[in-house]
Structure formats: C-alpha cells, structure tokens
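Q: Numbering (the working numbering), first residue to last: 9 to 500.
Would you mind keeping the following structure in view while I ask a few things?
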Ligand SMILES: [Zn+2]
C-alpha cells in the first residue's frame with residue numbers, strides 16, 4: 009500500500025516512497041531549545057510520529073533525522089541574561105523536550121543532530137556557497153546568502169517575490185515579511201557573545217544553514233521528505249532549499265510536508281492572550297498524556313486544529329471506550345464458533361482504516377472506521393452472538409490501530425507523576441488540579457487494599473462501609489467498576 013501525501017512543493021498528493029527502494033530518508037525540523045514545548049509544537053511532532061508509524065505499519069523502513077537548534081538569537085540572549093553558558097542554559101530544555109516526547113509516546117528519530125555539534129559542516133557549506141559566488145561577507149564579518157543567485161526562490165511557498173531587492177539584508181533568524189532579503193548564513197559575534205573560531209572567521213551559524221548542513225550530512229544531498237510546521241515554510245524552508253540547491257545543483261528534498269497550525273478556543277495561541285499551553289500545563293490540570301496525544305493527532309494534519317478542553321475530554325472518553333472494549337474482548341468468555349457478520353465488519357474496518365491513512369493521513373476517517381467496528385462488535389457481544397474465533401480478527405484491527413495511535417495501554421500514571429515532581433521542583437504546585445494531588449497521594453497498593461476491604465465488606469453485607477470506600481476513592485479520582493470477573497479500578 010502506498011501512502012499518498014500532500015506535497016507542498018508540487019501542490020498535489022504524491023506517492024511517498026523511498027527513492028533508493030530501501031528506507032525513506034526524512035528530515036524534520038526540531039525544536040529551538042529556549043523554553044518548554046507548547047502544544048502547537050507537539051501537534052507537529054505527533055503528526056510526524058504518526059506518519060513514521062504508518063510508514064512502518066505499511067512495511068516501509070524509515071531513516072528519520074531531527075535537529076535540535078541549540079544556538080540562536082533567543083538562546084544567546086536568554087543565556088546571557090541568566091549569566092550561564094548556552095550549553096548549560098539549553099540542557100534543561102533539551103531534557104524537558106525528550107521527556108515530553110516520551111510522555112506523548114513519540115518515537116525517537118533514528119538520528120538527533122545538535123547544531124552546536126555540526127559547526128564544521130556548516131562552515132564547509134558556506135565556503136562552497138562563497139566559492140560559487142552565492143555568499144558574501146560584510147564589514148562586521150557576517151556572511152549572507154545572495155538571493156539573486158537562486159532564481160527559483162519562492163517555489164515552495166509560492167510567494168510572489170518579484171519585488172525582491174538585490175542586496176537588501178536581514179540578520180534575524182525569524183521574520184515574517186513577504187519581501188525576501190539576503191539572509192544571514194553566519195553571524196559575527198557581538199561583544200560577550202558565544203562564538204566559534206573558524207576558517208570563515210569567528211561567529212556562529214544562522215538558523216537556516218544548520219538544517220541544510222545537518223540534513224545533507226545524514227541523508228545525502230538529495231532525500232525523500234522534509235517535514236515541519238507550516239510556520240517554517242517561509243522563510244526557513246525556502247532558505248534551506250536556496251542554500252542547498254545552490255551548493256549541490258541537485259534537488260534538496262523531493263517531498264515537503266507541512267503540519268497546519270493550532271488554535272486555542274478559536275484564537276491564535278499566545279502568551280499575552282493567556283491561552284498558551286505547554287504539555288506540562290495540561291498534565292498539571294489533570295489531563296492524561298494519552299488523551300493529549302489522541303486529541304492532537306485525530307484531526308488530520310492539513311486542517312487547522314482548534315484545541316479546547318472539551319477536545320481533551322472527548323479524547324479521554326474515546327480512549328476509555330477503546331480500552332473497555334479491548335478488556336471486554338480479552339477477558340470475556342465466548343462460545344466457540346464464529347460469526348460471519350463480525351468477521352466482515354472487522355475486515356471492512358481494517359481496510360477502511362488503512363485506506364484513510366494512505367489517503368494523506370486522514371486520521372479522522374481512520375478513527376471513525378475503528379469506532380464503527382467497536383460499536384458493531386459491542387452490539388453483537390450484547391446479544392451473545394460473538395464467538396471465540398471472532399476475537400482474533402477484531403483484536404488484529406485494534407493492533408493496527410494501536411501501532412499508529414498508541415493509546416490502548418494505560419501508561420498515563422508515569423507522565424503525570426513526573427509532571428508533579430517537576431511542578432514541585434519548579435515551584436508550580438499551586439497550578440496543580442486538587443483532585444490530581446488527592447489521587448497521587450494514594451499508591452496503587454493503598455487502592456488495592458481499599459478495594460479488597462470493600463469486597464470483604466460487601467460479602468459481609470456491610471453495604472454502608474462498602475459505599476463509604478467507593479465514595480472515598482471517587483473523591484480521590486479512583487473509579488471502581490464491578491463486573492462478574494471482579495472489581496476493576498482506574499484513576500480518572
Ligand atoms: Zn529546519
């Protein structure tokens with residue numbers, strides 16, 4: 009099965025396949041580590057994770073490289089303000105970033121590349137551009153890319169850059185102006201700034217050259233796919249293309265995937281609007297990592313996602329429904345035999361699910377196919393018409409679902425525990441939801457002991473005590489479910 013994925017460069021759905029027939033070589037722009045990641049960032053990383061998981065489910069090997077931008081304008085400014093070296097300043101955010109990815113169950117790329125560890129490759133690329141007449145040095149020792157040397161500039165974002173002014177320069181890493189300018193490849197150090205002594209002079213790399221140099225270092229001059237958030241399309245990705253293709257005379261990336269932005273309650277997320285959320289903020293409010301994962305991937309990547317707390321509640325309920333269904337299948341007792349109708353429903357769900365993901369990663373339709381099967385199977389089980397040999401067919405579909413969505417196993421306690429430990433250390437306990445603190449104060453052993461006491465009380469027909477225990481647990485976020493196989497409990 010071939011994935012057809014929208015290609016920003018061609019403006020259409022293109023088949024995504026490894027050019028070398030072996031592994032799909034892909035590059036994804038990683039974080040700039042000057043703060044904790046917000047949910048808009050994580051939407052992008054989760055959608056890229058979903059892509060790589062679906063490729064692997066389809067039997068395509070992946071070689072995925074992600075950079076860490078650990079030197080840029082903001083990092084230098086913030087580290088200087090804190091009076092510490094940039095490496096020390098960025099370490100806390102690099103560690104936090106990987107901890108957050110782990111909480112969200114984002115698979116690690118095969119290669120992580122840190123900008124500060126690839127300075128020689130960047131210098132070499134700038135030398136190559138200088139030799140080709142596409143880079144020039146200015147009075148202070150900084151180097152710029154000459155936009156005029158790349159007539160195809162703008163081909164990715166489809167911007168009309170006819171008003172481009174030769175020699176006009178911009179030295180900041182991020183800018184939103186529509187009019188293109190020669191951009192910085194290498195920045196000469198300002199007083200007291202971190203710098204590297206190199207063949208092209210002292211200084212540090214611009215943001216754009218990092219990605220070009222590191223992508224080519226690990227994936228070659230030409231590779232299959234480049235991904236990132238849509239905010240990176242211009243100028244960052246245009247600049248990557250300009251630098252790389254000018255240096256190599258080869259196509260840089262054949263396919264470009266851009267994940268659309270995230271809104272919060274219909275508005276742009278911003279710190280000044282107080283609708284800005286990091287992953288940690290949401291964990292401290294009592295939302296679970298699995299629900300955040302599902303909410304951020306269940307809206308397809310090319311649609312803007314309007315994040316609300318309701319969307320997290322919906323995701324929590326959806327996960328509950330799936331986990332309960334899976335338990336019902338694995339723990340229930342079924343008669344031998346098989347039910348052709350349910351076999352057919354499972355087969356259809358599997359086909360619809362894979363077709364939806366193959367069609368530009370339509371996660372909304374993929375989930376709908378799974379929930380339709382769950383609904384049908386639940387009805388059949390209720391009527392006592394579900395048979396033992398139907399179970400594997402249905403479980404196989406759930407396995408396909410979970411290979412990509414990865415929310416069926418309940419692994420939520422650990423990310424929450426870690427977020428609480430972090431809040432404690434960062435002096436942010438006042439932001440923690442009270443029921444979360446109450447629930448965390450109960451260990452699993454304490455819960456099991458109370459559940460056992462309640463079972464004993466019920467047996468002794470002491471229903472008052474049994475009810476007391478149930479409500480005491482509920483107050484602390486622990487829910488009990490009585491079934492004929494005994495009592496199951498879970499944290500809300
Ligand atoms: Zn990049």
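Backbone N, C-alpha and C define an ideal beta-carbon position, used for all residues, glycine too.
Fair warning: this is a prediction, and the values are worked out from it, not measured in the lab.
Quick one: is the Cβ of residue 225 within less than 7 Å of any heavy atom of ligand 1?
A: Taken from the Cβ of residue 225, every heavy atom of ligand 1 lies 7 Å or farther away.
Q: List the endpoints of the continuous alpha helix (DSSP H) containing residue 168.
A: Residue 168 -> no alpha helix (DSSP H), and no H or E assigned at all.
Q: Starting from the Cα of residue 397, find the closest Cα among 261, 52, 347 and 305 and give me that residue.
A: 347
Q: Near ligand 1, which residues have their beta-carbon closer than 5 Å to a heavy atom?
A: 37 and 219
Q: Does the distance from the CB of residue 133 to the CB of residue 255 come in under 8 Å?
A: yes
Q: Does residue 248 pass the burial test, meaning 16 or more other C-beta atoms within 10 Å, or should it be called exposed?
A: buried
Q: Measuring only the C-alpha atoms, how far is residue 86 from residue 101?
A: 12 Å
Q: Below 8 Å on the Cβ atoms is my contact criterion, and I expect residue 140 with residue 152 to pass it. Report the Cβ-Cβ distance as a whole number of Å.
A: Not a contact, Cβ separation roughly 14 Å.
Q: Would the stretch 322-338 and the stretch 23-36 be scored as touching if the rule is three or more Cβ pairs under 8 Å?
A: no
Q: Expressed to the nearest angstrom, what Euclidean distance is found between the alpha-carbon atoms of residue 3 and residue 469?
A: In the structure as shown, the chain starts at 9 and stops at 500, and residue 3 therefore has no counterpart that could be examined.
Q: Which of the three DSSP states, helix, strand or coil, is assigned to residue 435?
A: coil
Q: Measure from the alpha carbon of residue 394 to the alpha carbon of each residue in 343, 376 and 366, then state which is nearest.
A: 343
Q: Under a Cβ-count criterion, where at least 16 other Cβ atoms within 10 Å of its own Cβ denotes burial, should residue 49 be classed as buried or exposed?
A: buried
Q: Whose C-alpha, out of 484, 483 and 463, is nearest the C-alpha of residue 474?
A: 463
Q: Which first and last residues belong to the beta strand (DSSP E) in which residue 75 is found?
A: Segment 69-76, the beta strand (DSSP E) holding residue 75.
Q: Taking residue 32 as the reference, give the member of 262, 300 and 273 with the closest Cα.
A: Minimum Cα distance to residue 32 is reached at 262.
Q: Only counting the same chain, and skipping five residues up and downstream in sequence, which positions put a Cβ closer than 7 Å to that of residue 377?
A: 357, 360, 361 and 364
Q: Give the list of continuous alpha helix (DSSP H) stretches no shorter than 4 residues that lie fully inside the stretch 292-365.
A: 297-306 and 317-339
Q: Skipping 5 residues on each side, what residues in its chain have a beta carbon closer than 7 Å to that of residue 130?
A: 213, 217, 218 and 221
Q: Between the stretch 36-52 and the stretch 301-320, do at least 3 Cβ pairs fall closer than 8 Å?
A: yes
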